[in-house]
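Have a look at the structure below, then the notes.
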Amino acid sequence: MKKLFRALAVVFTFVGIATIFSANASAISDTAPYIGITPAKAAMELLPGQTYTGSFQVTNPGEVDFNYTISVMPYKVYGEEYDKQDFATYDTHSLITDWVTFSSTSGHLEPHTASDYIFYTITVPNEIKICGQYAAIAATAAPKGNSDSGIVNVTSAAMIVYAAIDNCDAGLAGNVRIIENKIPTFLLAPPLTTTSLVENNSNIHIDATYTLQVYSFFTGEEVYSNEEQPMTSIVMPETNRFKAQTWENTPILGIYRVRQTIKVYDQESVEEKIVIICPLWLIVLVLFAIIMTILWLRSRAKNRAKKTS
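Laid out in structure tokens, this is it:
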């Protein structure tokens, strides 16, 4: 009987903890603000001494109202896939954060698609040596007051600013390279994915375009192409950028002629290969059939030799 009471006590304790945790999680979810900012990025060309004005929209698509603040911070990326973002390191590519002012730096939004428009002004100095300038304009929200759980949920959204200063020595010549343009030769399973690596050692960002075209090996018919809407990416200064593009509807079996074209600044790279796609089970089946055929032929040859002897 004591063992039964102990077991029940453990169960009720567990249920109680789970209930408390669930209640807290629900409270947190109920008070979590959801903030949006559009557009997600702004690319612009600026002249020294120019004053530039733009705008963005802060939205509240969530269930709770909140107060928000607007701020500007540096923006940097690390890693060949730009998988690490840095909003704290200030350097010569972040000078633009000192040039930005806002029509308002705070506000309040009611729930369900309420929005505010914020205007920003960029005042460019007369002399700029670093042509690429980057910043993140952030909208940060928190619910009014404190939640019953004792936890205040804060969320942020950001618009990334890519600014290119005209009449500035960007150092592009000789500092932009297409390091890799790779197409696989053999695949055991779809999809077909091609990769590339672009190097930018200049002091300004550049645009890269990636075109993928796939043709039937036997008929020459084009079965896939993104030539009309090629993939694009921004390659930040003093970085290498890795990109992959995929033929999403790749068949499980086939032989294709694949061409990938990469264009960036004054560089162009065209790679073309024959790609074979064959599942492992089919390879095993073919090998099994070949081995069985060889064994059958050897057995037949031995039987013939016995009959003749």
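Using my numbering, the letters of the sequence shown correspond one by one to residues 857 to 1165. Note that CB positions come from ideal geometry on N, CA and C, so glycine has one too.
Secondary structure of residue i, DSSP reduced to three states
i	result
ASN982	coil
ASP954	helix
MET900	strand
SER1155	helix
ILE1039	coil
ILE1133	strand
ALA1019	strand
LEU1143	helix
ILE993	strand
LEU1138	helix
ILE1090	strand
ALA1161	helix
THR915	strand
ILE891	coil
ILE1111	strand
THR961	coil
THR1149	helix
ILE1060	coil
ASN1096	strand
VAL1032	strand
GLN1085	coil
GLN1116	strand
ASN923	strand
GLN906	coil
GLU1055	strand
SER1003	Unreliable placement is indicated for SER1003, whose pLDDT of 47 sits below 50; the coordinate value is still reported in the next sentence. Coil.
TYR976	strand
Residue i, buried or exposed, once every other Cβ within 10 Å from all chains shown has been counted against 16
i	result
ILE1150	exposed
PHE922	buried
GLY918	buried
THR1164	exposed
LEU1109	exposed
GLN1116	buried
MET1092	buried
GLN989	buried
ASN1056	buried
ILE1146	exposed
VAL1140	exposed
SER1058	buried
ARG1156	exposed
ILE1021	buried
ILE978	buried
LYS1099	buried
ALA899	exposed
ALA991	buried
Through-space distance from residue j to residue i, alpha-carbon basis
i	j	result
HIS1061	TYR1018	8 Å
THR948	ASP942	14 Å
TRP1152	LEU1143	14 Å
SER1125	VAL980	36 Å
TYR908	GLU901	9 Å
ILE926	TYR890	15 Å
SER1012	LYS1119	35 Å
GLU1036	THR1051	8 Å
LEU1043	PRO1135	8 Å
VAL1010	ALA995	11 Å
SER950	ILE986	10 Å
MET1148	ILE1130	30 Å
ALA1045	SER959	54 Å
TYR1071	ALA1026	39 Å
CYS1024	ILE984	7 Å
ALA997	TYR934	27 Å
GLN1085	ASN1105	17 Å
ALA1029	THR969	47 Å
TYR1112	LEU1053	23 Å
ARG1097	THR1075	35 Å
Integer-rounded CB distance, given that residue j should sit under 8 Å from residue i
i	j	result
TYR938	VAL956	That pair is no contact at about 23 Å.
MET929	THR894	Wrong, their Cβ atoms sit about 19 Å apart, outside the cutoff.
MET1015	ILE993	5 Å
VAL920	PRO967	6 Å
GLN1123	ILE1034	5 Å
Own chain residues within Cβ distance below 6 Å of residue i, not counting five before or after
i	result
THR1102	PRO1047 and THR1049
LYS932	ASP942 and THR945
8 Å CB neighbourhood of residue i in its chain, flanking five on each side removed
i	result
SER971	GLN913, VAL914, THR915, ASN916 and LEU965
LEU1138	LEU1109
ASP1063	THR1088, SER1089, ILE1090, VAL1091 and VAL1120
THR961	THR925, ILE926 and SER927
SER911	TYR973, ILE974, PHE975 and TYR976
ARG1160	none
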